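Please read the structure below before turning to the comments.
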Amino acid sequence: MARGSSSRKLAEHGLLLVFLMLLQGGVKQAAAQPREWYVGDQKGWTFGVMGWPNFKPFREGDVLVFNYDPAMQNVIRVDDFGYGTCTRHPFYSTVYNSGHDRIRLPRGQISFISGVSENCYKGGVKISLTVRP
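Numbered per mature numbering (1 follows the signal peptide of the UniProt record, and there is no 0), the sequence shown spans residues -32 to -1, 1 to 101.
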């Protein structure tokens, strides 16, 4: 009887181990899937969006979706200097103006501003975020 009991426990542990391995594989796969982030959530790319990225776990391959009125805003990918001064820097920075821009995130620090009027400087229409591998 003791022998049957230990065989049964061994089988239960084996099943538990298989279950945990499958669970771990599913979690890794779910974590690897790119995510879409709607900048500013329901409000979109607009005034006061600067704090929106706080505490969000951005990953390489995720997509930022910028929704806005192109008559009122645009999106410019800038470097640290451009972010701090609300200027298009470097001068060859990419400007998006469709109103529904989708930008796949590379690894590292990435920043965006609005280049329309003083929306960045006075309205806080800018974000900076860190993208992890």
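Where is the CB? At the ideal position from N, CA and C, for every residue including glycine. Here the structure is a predicted model, which is why all the values come from computation and not from measurement.
Going by the CB atoms, is the gap between Asn42 and Gly91 shorter than 7 Å?
Cβ atoms of Gly91 and Asn42: not closer than 7 Å.
Compare the C-alpha of Gly76 against each of Ala(-1), Asp48, Gly52 and Asn35 and name the closest.
The shortest C-alpha separation from Gly76 is found at Asp48.
Rounded to a whole number of angstroms, what is the C-alpha to C-alpha distance between Cys88 and Phe26?
The straight-line gap from Cα to Cα measures roughly 22 Å.
Taking DSSP as the reference, what is the three-state secondary structure of Val84?
Val84 falls in the coil class under three-state DSSP.
Tell whether a beta-carbon distance below 7 Å holds between Leu32 and Ile71.
Yes, the Cβ-Cβ distance between Leu32 and Ile71 is below 7 Å.
Helix, strand or coil for Tyr6, going by three-state DSSP, please let me know.
The answer is strand: DSSP assigns Tyr6 an E or B state.
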